[in-house]
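Using our numbering, read the sequence shown as starting at 1 and increasing by one per residue. Data first, discussion second: the structure below is written as structure tokens.
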Amino acid sequence: MLNHIPVLETHNVFAGSPLDRCEILRGDSGRVDAMMRAADTRFICIWRTKPLIKPGETLRIQWVNGLMALPIIDAGAAWVFLGTADGRAHFAVDISAEKDPENSGDFAGMGIFPDLRMSAASLDRGDAAIIAQAKPLIDWHSRRTFCSVCGSLTAMRQSGASRICTNEACKASHFPRTDPVVIMLAIHEGRCLLGRQKIFPPHMYSALAGFIEPGESLEEAVRREIQEESGVPVGEVRYHSSQPWPFPASLMIGCHAIALDDKIELPGDELEEAVWFEKGLIREALEGKHRDRVWMPPPHAIAHQLIKSWASVD
Numbered sequence: 001m002l003n004h005i006p007v008l009e010t011h012n013v014f015a016g017s018p019l020d021r022c023e024i025l026r027g028d029s030g031r032v033d034a035m036m037r038a039a040d041t042r043f044i045c046i047w048r049t050k051p052l053i054k055p056g057e058t059l060r061i062q063w064v065n066g067l068m069a070l071p072i073i074d075a076g077a078a079w080v081f082l083g084t085a086d087g088r089a090h091f092a093v094d095i096s097a098e099k100d101p102e103n104s105g106d107f108a109g110m111g112i113f114p115d116l117r118m119s120a121a122s123l124d125r126g127d128a129a130i131i132a133q134a135k136p137l138i139d140w141h142s143r144r145t146f147c148s149v150c151g152s153l154t155a156m157r158q159s160g161a162s163r164i165c166t167n168e169a170c171k172a173s174h175f176p177r178t179d180p181v182v183i184m185l186a187i188h189e190g191r192c193l194l195g196r197q198k199i200f201p202p203h204m205y206s207a208l209a210g211f212i213e214p215g216e217s218l219e220e221a222v223r224r225e226i227q228e229e230s231g232v233p234v235g236e237v238r239y240h241s242s243q244p245w246p247f248p249a250s251l252m253i254g255c256h257a258i259a260l261d262d263k264i265e266l267p268g269d270e271l272e273e274a275v276w277f278e279k280g281l282i283r284e285a286l287e288g289k290h291r292d293r294v295w296m297p298p299p300h301a302i303a304h305q306l307i308k309s310w311a312s313v314d
């Protein structure tokens, strides 16, 4: 059974934000504007979905002040109120109109704009969680300029938490969406089921995953996805943990599941291969051994935590 598998005492990367989101303040435009223009307010700059980062062994957000951010906002750039921490307000601002901010203009020399997937493992945990809030919101605003109901222009409201159609005959409200994804480790008699896609690096295997469909429970999605991808039927399902995944805006819902048998049949082309792995081999693979046979997803991925949690139990 699954009850003996522990949820390890760790925050998944991109979770655990230090900010109080202060939802109650979002509709108070006067207070939000005053916070935005306070001397100690901090802004995270997002350039074409990439955050401005201060380089170092541990990557941190390179916060900027209002002297740099407010002229961009006043010129029409999208912005979002993220929340407060230590008595200071925190905002995100879209600087995608800049041509090459890393090397020219007001932001030159302040930091770098790295690919978030590649840099996630090196990010400070709290900063990673703030980025996981800021990046999808700024990206969403850039994609929702027009109303999906009538095609008219939309305008930001609620300090960036929503948009509204400017057509008086429509006035449709639009809200950011988060797509729920189940990611699950199937277990059978001391082994776990891992799969690999054609795009994976050689010898890399991971937990199976898929989007939850309308009208489907979390448990139903786990059973369906495992069955569809590997042909393996599943019974008991247990929730493990979740992880915001800002690529572009998903929530990974991690589960363990008991397989009813171990017969693998790949019904489609989604997986190149699916394999049952013994616990001893997985434990050694988590230590970096057997990379010529199998290696695990990196620690910042929830798949790694699902596998590690299962492998930690004798």
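Think of the CB as a built atom: it goes at the ideal place given N, C-alpha and C, for glycine as much as any other residue.
Inter-residue spacing [alpha-carbon to alpha-carbon] between residue i and residue j
i: VAL93; j: GLY16; result: 21 angstroms
i: VAL181; j: ILE130; result: 21 angstroms
i: SER148; j: LYS171; result: 11 angstroms
i: GLU270; j: MET252; result: 19 angstroms
i: GLY365; j: VAL64; result: With the chain represented from 1 up to 314, any question about residue 365 goes unanswered, as that position is not in the structure.
i: ASN146; j: GLY288; result: Sequence check: residue 146 is Phe here, not Asn. In a straight line, the C-alpha of PHE146 is about 49 angstroms away from that of GLY288.
i: PRO71; j: ALA39; result: 14 angstroms
i: ALA108; j: GLN62; result: 12 angstroms
i: PRO89; j: ILE212; result: Residue 89 is actually Ala in this sequence, not Pro. Roughly 35 angstroms between the two C-alpha positions.
i: ASP74; j: ARG31; result: 17 angstroms
i: ILE199; j: GLU284; result: 24 angstroms
i: VAL313; j: ASN103; result: 50 angstroms
i: ASP261; j: MET36; result: 58 angstroms
i: ASP28; j: ARG223; result: 45 angstroms
C-beta atoms of residue i and residue j nearer than 7 angstroms
i: ILE44; j: ALA134; result: yes
i: LEU185; j: TRP310; result: yes
i: LEU123; j: LEU52; result: no
i: GLU236; j: ILE258; result: yes
i: THR41; j: GLY76; result: no
i: ILE183; j: ALA209; result: yes
i: PHE113; j: TRP47; result: yes
i: VAL80; j: LEU137; result: yes
i: ARG196; j: GLU272; result: yes
i: MET68; j: ASP127; result: no
i: ILE164; j: SER173; result: yes
i: HIS290; j: PRO297; result: no
i: PHE14; j: PRO244; result: yes
i: HIS300; j: ALA120; result: yes
i: HIS188; j: ILE5; result: no
i: SER230; j: ALA161; result: no
i: CYS22; j: GLY83; result: yes
i: LEU194; j: PHE247; result: no
i: HIS11; j: ALA78; result: no
Nearest-angstrom Cβ-Cβ length linking residue i and residue j, presumed shorter than 8 angstroms
i: LYS263; j: VAL234; result: 12 angstroms between Cβ atoms; not a contact.
i: SER159; j: ARG26; result: 4 angstroms
i: ASP179; j: SER250; result: 5 angstroms
i: ILE307; j: ILE282; result: 6 angstroms
i: ASP20; j: ALA85; result: 7 angstroms
i: ASP100; j: LYS50; result: Incorrect: roughly 12 angstroms between the Cβ atoms, too far for contact.
i: GLU228; j: PRO201; result: Incorrect: roughly 24 angstroms between the Cβ atoms, too far for contact.
i: ARG144; j: HIS203; result: Contact flag wrong, Cβ pair sits at about 41 angstroms.
One or two residues paired with residue i in a DSSP bridge
i: ASP20; result: THR84
i: TYR239; result: CYS255
i: ARG26; result: Paired residues: none, contrary to the question.
i: HIS90; result: ARG42 and GLY83
*Do the region 211-229 and the region 237-244 touch if we need at least three Cβ pairs shorter than 8 angstroms?*
Contact check between the region 211-229 and the region 237-244: three or more CB pairs, one atom from each, fall below 8 angstroms, which counts as touching.
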